[in-house]
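Colleague: Here it is, the structure in full.
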Amino acid sequence: MTPFSLIVPAFEEAERLPHTLEVLKGASALLDRGVEILVVDDGSSDRTAEVAAACEGVRVIRLPENRGKGVAVSAGVRAASHELIAFTDADCPYDLTALTPMFAAIEAGDCDIAIGSRELADSEVNLGYGWMRRFSGQIFSYLTWLAIGLPFRDSQCGLKAFRADTARKLFAMRTIEGFGFDFEILAAALNQGERVQRFPVRLTHSDDSRIRLIRDSLQMARDLLRVRRALRRRAYDFQPDDRTEHPCPLCGDADFEPVVAKDGFRMVACRGCGLWYLNPMPSEARLGSLYEQEYFANADSLSAGYEDYATRGEDFREVFAHRLAALPPEVEGGRLLDVGAGFGYLLDAAEGKFSERWAVERSPDAVEALQGKGTVCRGTLAEVELPNSYFDVVSLQDCLEHFRDPREALLRIREVLRPGGRVILVTPNTDSLLAKLQRRSWVSLKFPEHVVLFQPGTLKRILEETGFIIETRTAAGQYARLDFLVSRVLSGYPRLASLAQASVAKLGGAHLRFWVGSGSLQVVASGALASVAPPERPSAD
Ligand SMILES: [Zn+2]
């Protein structure tokens with residue numbers, strides 16, 4: 002029979018762990034399948050990890066800090082090596098023979114997840130279970146139904162079994178660190194169409210000492226609301242991978258709130274600094290492939306790239322001329338570098354105003370179009386060779402949001418700028434009115450093309466931490482044709498958009514052009530004269 006991995010999250014369990022592990026081993030042997038016992042020490046200050054490691058045949062994962070049962074079980078799921086996974090509590094309150102029918106149902110394909118359920122008629126749970134517990138348990142199950150629609154009366158039972166691939170997928174979606182992870186995993190499972198089946202359990206002893214009724218109830222209520230919000234944002238509708246958690250690329254914090262899931266990707270807001278970023282973060286190779294294909298002539302430009310960048314040259318040249326006017330006069334006549342230069346419309350707009358024009362561009366199509374407009378470096382900013390302390394102006398037009406590691410990009414730009422040089426950048430603003438009105442259909446939620454998104458606070462922070470001083474911050478605008486505007490404003494309603502575009506064309510207004518605020522942030526910043534030592538960078542995966 003298929004062996005299984007048994008995950009035991011443990012916090013300050015040094016004292017009773019040896020006994021628990023003996024019981025677990027004995028009980029697992031009765032199941033007649035191989036077992037791998039994984040104790041996850043959730044940042045205990047006692048000797049939990051040492052005690053567990055001393056026990057023969059037990060694998061120990063040690064988390065550096067105490068973050069909660071949800072984080073601990075997730076770490077176990079990632080490390081588990083068998084095709085079946087179960088988890089239980091460190092005081093081993095349930096008779097593990099209940100796992101036999103649970104695993105059998107999973108193996109027979111009757112369900113993907115098998116959960117213990119204390120309220121089933123065949124369950125035996127009457128051991129010292131106070132009325133207070135039972136009453137609060139019933140209220141809680143009613144609340145989980147009310148708030149997030151869970152049909153299970155007992156989402157919190159500490160005995161659950163999964164197919165390993167299902168567990169890895171669901172735990173990669175987890176955002177709740179503490180006890181609330183149980184109902185979040187079940188909510189995500191139902192959202193993903195996984196089949197959940199309930200099984201009776203037998204409580205061998207009851208020790209609820211770890212749960213503080215009032216304080217934990219409040220936290221549970223907060224977590225319920227959090228999951229409810231995430232469900233409404235459809236934040237469990239994505240395909241996670243099972244890599245380790247991706248910390249915030251700006252502050253390194255691992256705690257986040259899901260903002261939106263779309264097209265198979267999930268964007269989250271960092272709880273530490275407010276940066277929005279894709280988590281899981283797509284690989285550099287996955288992002289690179291975006292720019293290989295029809296990026297600048299994409300029929301589906303709402304999901305990636307531009308509809309027909311080549312024909313919008315006139316608009317863009319004017320837009321860029323307008324933006325370049327924000328630079329102070331002392332940089333005029335100097336050397337300009339445009340990162341993510343596209344077809345070179347900014348270089349066109351800068352003609353005659355700078356002594357040298359350089360471009361960094363990774364898309365082969367665009368590199369073609371850039372020929373003859375200046376010095377063209379093909380590749381990513383990290384790949385290309387650029388002279389240090391050389392440029393008077395570096396421009397990033399709708400570009401910073403494409404970097405998996407925007408800090409690294411800005412640090413590199415700081416290096417190639419001359420002392421006192423300027424960076425001029427435009428990037429979407431998650432605090433803009435348009436972002437708030439359009440919500441899910443906001444045009445800047447293009448995944449995986451946009452991997453990070455800023456607002457004034459996070460943009461200021463990243464610039465300051467990479468050695469820049471902001472001189473001016475304005476709302477960016479652009480010239481746009483009426484039919485383009487119509488398509489963007491109605492981007493969430495494709496049928497209505499094409500109807501409106503057709504009407505505009507009929508009325509002869511398609512070529513009318515307007516200067517409109519895009520809601521994006523435009524910043525001119527100077528490289529600080531004194532070199533600023535960048536703070537420790539968070540480690541990416
Ligand atoms: Zn952050």
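Per the numbering used here, the very first residue in the sequence shown carries number 2; after that it's consecutive. Each residue gets a CB set at the ideal place from its N, CA and C atoms; glycine is no exception. Since the structure is predicted, the reported quantities are computational estimates derived from the model, not experimental observations.
Thinking C-alpha only, which one of 259, 512, 438, 196 is nearest residue 107?
Modeller: In the sequence shown, counting from the first residue as 1, residue 107 sits at position 106. Comparing Cα-Cα distances from residue 107 to each of 259, 512, 438, 196, the minimum goes to 196.
Colleague: If you check the beta carbons only, do residue 515 and residue 491 fall under 8 Å apart?
Modeller: Mapped onto the sequence shown, residue 515 falls at position 514. Mapped onto the sequence shown, residue 491 falls at position 490. The answer is no: Cβ separation not under 8 Å.
Colleague: Kindly indicate if chain C contains any beta-carbon less than 8 Å away from that of residue 248.
Modeller: Going by chain labels, chain C is absent from the structure shown, which holds only one protein chain.
Colleague: Return the chain-ordered list of same chain residues with a C-beta closer than 8 Å to the C-beta of residue 333, the five sequence neighbours on each side being excluded.
Modeller: What you label residue 333 is simply residue 332 of the sequence shown in a count that begins at 1. If we look at residue 333 and ignore the five residues flanking it on each side, its Cβ neighbours are 354, 355.
Colleague: So does the region 457–474 actually touch the region 279–293, counting three or more Cβ pairs closer than 8 Å?
Modeller: No, they do not touch.
Colleague: Pick from 479, 31, 262: whose alpha carbon is nearest that of residue 314?
Modeller: Counting from 1 along the sequence shown, the entry for residue 314 is found at position 313. Residue 314 has its Cα closest to that of 479, out of 479, 31, 262.
Colleague: Using the beta-carbon count (16 or more within 10 Å), is residue 494 buried or exposed?
Modeller: By 1-based counting over the sequence shown, the position of residue 494 is 493. That one is exposed.
Colleague: Under the DSSP definition of a beta bridge, which residues are partnered with residue 182?
Modeller: The residue you call residue 182 lines up with position 181 of the sequence shown. None, per the DSSP bridge assignment.
Colleague: Looking at the secondary structure, which residues open and close the beta strand (DSSP E) in which residue 115 lies?
Modeller: One-based indexing of the sequence shown puts residue 115 at position 114. Start and end: 114–117.
Colleague: Got a sec: does ligand 1 put a non-hydrogen atom nearer than 7 Å to the Cβ of residue 328?
Modeller: In the sequence shown, the residue the question calls residue 328 occupies position 327. Answer for residue 328: no, Cβ out of range of ligand 1.
Colleague: May I ask you to check if the CB of residue 47 is nearer than 7 Å to at least one heavy atom of ligand 1?
Modeller: Stepping through the sequence shown from its first residue, residue 47 is reached at position 46. Checking the Cβ of residue 47 against ligand 1 gives no.
Colleague: Would you mind reading off the limits of the alpha helix (DSSP H) that contains residue 278?
Modeller: Mapped onto the sequence shown, residue 278 falls at position 277. Here residue 278 belongs to no alpha helix (DSSP H); instead the beta strand (DSSP E) covers 277–279.
Colleague: Mind pulling the beta strand (DSSP E) runs of 3 or more residues that sit fully within the region 19–61?
Modeller: Counting only runs of 3 or more, we get 36–42.
Colleague: Take the Cβ of residue 11 as the centre, count every other Cβ of all protein chains shown within 10 Å, and call the residue buried at 16 or more, exposed below.
Modeller: One-based indexing of the sequence shown puts residue 11 at position 10. That one is buried.
Colleague: Under 8 Å by Cβ, that's how I've got residue 387 and residue 424 pegged, so tell me the actual separation to the nearest angstrom.
Modeller: Counting from one through the sequence shown, the residue named residue 387 turns up at place 386. Counting from one through the sequence shown, the residue named residue 424 turns up at place 423. No, residue 387 and residue 424 are not in contact; Cβ-Cβ is about 14 Å, not under 8 Å.
Colleague: In the DSSP assignment, find the beta strand (DSSP E) that holds residue 427 and state where it starts and stops.
Modeller: Along the sequence shown, read from residue 1 onward, the residue named residue 427 stands at position 426. Looking at the DSSP string, the run of the beta strand (DSSP E) that includes residue 427 is 418–428.
Colleague: Would you say residue 149 and residue 228 are within 8 Å of each other, going by their C-beta atoms?
Modeller: Mapped onto the sequence shown, residue 149 falls at position 148. Mapped onto the sequence shown, residue 228 falls at position 227. Yes, the Cβ-Cβ distance between residue 149 and residue 228 is below 8 Å.
Colleague: Measure from the alpha carbon of residue 364 to the alpha carbon of each residue in 344, 459, 392, 350, then state which is nearest.
Modeller: Counting from 1 along the sequence shown, the entry for residue 364 is found at position 363. Closest option to residue 364, Cα to Cα, is 344.
Colleague: Can you give me the C-alpha to C-alpha distance between residue 272 and residue 23, rounded to a whole angstrom?
Modeller: Here residue 272 corresponds to residue number 271 of the sequence shown, with the count starting at 1. Here residue 23 corresponds to residue number 22 of the sequence shown, with the count starting at 1. Roughly 40 Å separates the two Cα atoms.
Colleague: What do you get for residue 1, buried or exposed, if any count of 16 or more other CB atoms within 10 angstroms of its CB means buried?
Modeller: Nothing about residue 1 can be read from this structure; the chain reaches only from 2 to 542.
Colleague: So, for residue 192: in the same chain, excluding its five sequence neighbours on each side, which residues have a beta-carbon less than 6 Å away from its beta-carbon?
Modeller: Within the sequence shown, residue 192 is the residue found at index 191, counting from 1. So the list reads 237, once near-sequence residues are dropped.
Colleague: Could you tell me if the beta carbon of residue 1 falls within a distance shorter than 7 Å of some heavy atom in ligand 1?
Modeller: Summary: the structure shown does not reach residue 1, with the chain confined to residues 2 through 542, and so no result is reported for it.
Colleague: When the distance is taken between beta carbons, is residue 328 closer than 8 Å to residue 525?
Modeller: Residue mapping note: residue 525 aligns to position 524 of the sequence shown, counting from 1. Residue mapping note: residue 328 aligns to position 327 of the sequence shown, counting from 1. It is a contact, given that the beta carbons lie within the stated cut-off.
Colleague: Report yes if the C-beta distance between residue 445 and residue 429 is below 8 Å; otherwise report no.
Modeller: Within the sequence shown, the letter at position 444 stands for residue 445. Within the sequence shown, the letter at position 428 stands for residue 429. Contact flag set, yes.
Colleague: Counting only runs of 4+ residues fully inside the region 63–151, write out the alpha helix (DSSP H) ranges in chain order.
Modeller: Whole alpha helix (DSSP H) segments, 4+ residues: 70–80, 100–108, 132–149.
Colleague: Compute the Euclidean distance between the alpha carbons of residue 465 and residue 529, then round it to the nearest angstrom.
Modeller: In the sequence shown, counting from the first residue as 1, residue 465 sits at position 464. In the sequence shown, counting from the first residue as 1, residue 529 sits at position 528. C-alpha separation (whole angstroms): 9 Å.
Colleague: Here's the rule I'm using: 16 or more other beta-carbon atoms within 10 Å means buried, otherwise exposed. How should residue 519 be labelled?
Modeller: Position 518 of the sequence shown, counting from 1, holds the residue named residue 519. The residue is buried, with at least 16 neighbouring Cβ atoms inside 10 Å.
Colleague: If residue 30 and residue 84 are in contact, beta carbons under 8 Å, what's the gap, nearest whole angstrom?
Modeller: For the purposes of this step, residue 30 is taken as residue 29 along the sequence shown, with counting starting at 1. For the purposes of this step, residue 84 is taken as residue 83 along the sequence shown, with counting starting at 1. Residue 30 to residue 84, Cβ: 19 Å. No contact.
Colleague: Where does the unbroken alpha helix (DSSP H) through residue 325 begin, and where does it stop?
Modeller: Taking the sequence shown and counting its residues from 1, one reaches residue 325 at position 324. Start and end: 314–325.
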